[in-house]
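Q: Let me begin by handing over the structure; questions about it come next.
Listed below in structure tokens is the structure:
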């Protein structure tokens, strides 16, 4: 094994330019794929936290008789998936809007009448906090005679989910292209080494050397390239994570938006995947150029 490792390291050093390019290509591939994985991990976590805090707003028709408010509240409370119901009169809604607008609240003082409707704010039960159950509840609420509109952020939730899927697809396609390029570079590196050692390899064949004895240093070379590329990719990802995390904390304040890094088991998976890329490039090249 020491002989194989020494031979692999010698080949890497002798062809250091091409090996450096190969290692950097693997590193960039790992960085792209893991960056999108980190992005998806955090956006899914953020989306899940938003889903867990979903509030369904039920806006009533202006013509609704105030005597109906109690019966409407009772009907809504009896629906499945409802944890609590709070009635928000239009006057209270306007007061809350003024508080949110702060310095621009004076603009609302010029209104001749309150344009906001009476509404119910519904907190969804924990076991029903998913889009399917919320949509089912919304359809039930819309069938109530006094209800004019039901709002729970369905438009932006749907768009945000589609955007995450689109970014995921683009990221994995781009990462896949770079991984294919990395396999190509590893294969070319091995071919170059085979060509430079063709006389030595031919002599080894003539004296009866086993194919595994000839191929082992090349496989080790690919594994070393993959390992180094994976480590560099992870280091780059960690540096980018700390830079982005610092900017986010500075912009939103500590504790408002938390960006998490990849879990510890993912480190080993990334390194193994990059080593597999290096090994696969060697395997394909050896299969073509060292035929029995």
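In our numbering, the protein residues as written are 5 to 296. By construction, the Cβ of each residue, glycine as well, lies at the ideal position given by its N, Cα and C atoms.
1. Which of the three DSSP states is assigned to residue 260 in this structure?
2. Residues in the same chain with beta-carbon distance under 6 angstroms from residue 194, minus the five sequence neighbours each way, listed in chain order, please.
3. Measure the beta-carbon distance from residue 142 to residue 89 and round it to whole angstroms, keeping in mind my assumption that it falls under 8 angstroms.
4. Look at residue 188 and residue 33 and say whether their C-beta atoms are less than 8 angstroms apart.
5. Is residue 271 helix, strand or coil when you go by DSSP?
6. For residue 129, does the three-state DSSP call read helix, strand or coil?
7. Which class does residue 156 belong to by DSSP, given the choice of helix, strand or coil?
8. So which of 242, 275, 217, 283 has the shortest CA-CA distance to residue 42?
9. Let me know if residue 251 comes out buried or exposed under the rule of 16 or more other beta-carbons within 10 Å of its beta-carbon.
10. May I ask you to report which of helix, strand or coil DSSP gives residue 83?
11. Sort out for me which residues DSSP pairs residue 123 with in a bridge.
12. Thinking C-beta only, is residue 136 closer than 8 angstroms to residue 118?
13. Could you give the first and the last residue of the continuous alpha helix (DSSP H) run that contains residue 141?
14. Could you check what DSSP says for residue 211 in three-state terms: helix, strand or coil?
15. Among the residues of its own chain, which have a CB less than 7 angstroms from the CB of residue 91, if the five just before and after it don't count?
16. Assuming residue 234 and residue 36 make a contact with CB atoms under 8 angstroms, what is their CB distance in whole Å?
17. Cα-Cα, which of 230, 227, 228, 266 is closest to residue 246?
18. Given residue 155, which residues of its chain have a CB within under 6 angstroms of its CB, disregarding the five upstream and five downstream residues?
19. If you compare alpha carbons, which of 199, 208, 122, 239 is closest to residue 68?
20. Less than 8 angstroms separating the beta-carbons of residue 230 and residue 151?
21. For residue 239, name the three-state secondary structure that DSSP assigns.
22. Report the rounded CA-to-CA distance for residue 144 versus residue 174, giving the unit in angstroms.
23. Whole-angstrom Cβ separation of residue 248 and residue 226, contact assumed at under 8 angstroms?
24. Please classify residue 184 as buried or exposed, where buried requires at least 16 other C-beta atoms within 10 Å of its C-beta.
25. Taking the alpha carbon of residue 28 as the reference point, which residue from 219, 228, 202 has its own alpha carbon closest?
26. Measuring CA to CA, which of 239, 40, 22, 10 is closest to residue 168?
27. Buried or exposed: residue 211, going by 16 or more other Cβ atoms within 10 Å of its Cβ?
28. Going by DSSP, what residues sit across from residue 151 in a beta bridge?
A: Reading off the structure:
1. Confidence in residue 260 is poor, its pLDDT being 47 and thus under 50, which makes the residue's placement unreliable; the coordinate value appears in the next sentence. Per DSSP, reduced to three states, the secondary structure at residue 260 is coil, with no helix or strand assignment.
2. Cβ neighbours of residue 194 within its own chain (closer than 6 angstroms, five residues either side excluded): 222, 286, 289.
3. Not really, about 14 angstroms apart at Cβ, beyond 8 angstroms.
4. Against a cut-off of 8 angstroms, the Cβ pair of residue 33 and residue 188 comes out as no contact.
5. Secondary structure at residue 271: helix, using DSSP grouped into helix, strand and coil.
6. Secondary structure at residue 129: coil, using DSSP grouped into helix, strand and coil.
7. In the displayed model, residue 156 falls within coil according to three-state DSSP, outside both helix and strand.
8. Per the Cα distances, 242.
9. Counting Cβ neighbours within 10 Å, residue 251 comes out exposed, since fewer than 16 surround it.
10. Correct three-state label for residue 83: coil.
11. Answer by DSSP bridge pairing, in chain order: 63, 92.
12. Taking 8 angstroms as the Cβ cut-off, residue 118 and residue 136 do not qualify as a contacting pair.
13. Where residue 141 is concerned, the enclosing alpha helix (DSSP H) starts and stops at 135–146.
14. Of the three classes helix, strand and coil, the one that applies to residue 211 here is coil, per DSSP.
15. Hits under 7 angstroms: 73, 77, 124.
16. In fact, because the Cβ distance is near 13 angstroms, the residues do not count as touching under 8 angstroms.
17. Taking only the C-alpha atoms, the option nearest residue 246 is 266.
18. The answer, listed in chain order, is 61.
19. Closest by alpha carbon: 122.
20. With respect to residue 151, residue 230 sits apart: the two C-beta atoms are not nearer than 8 angstroms.
21. Three-state result, residue 239: helix.
22. Rounded to the nearest angstrom, the gap between the Cα atoms of residue 144 and residue 174 is 38 angstroms.
23. About 32 angstroms; that fails the 8 angstroms criterion.
24. That one is exposed.
25. When 219, 228, 202 are compared, the shortest CA-CA separation from residue 28 is found for 228.
26. Nearest option by C-alpha distance: 40.
27. Label assigned to residue 211: exposed.
28. Answer by DSSP bridge pairing, in chain order: 64.
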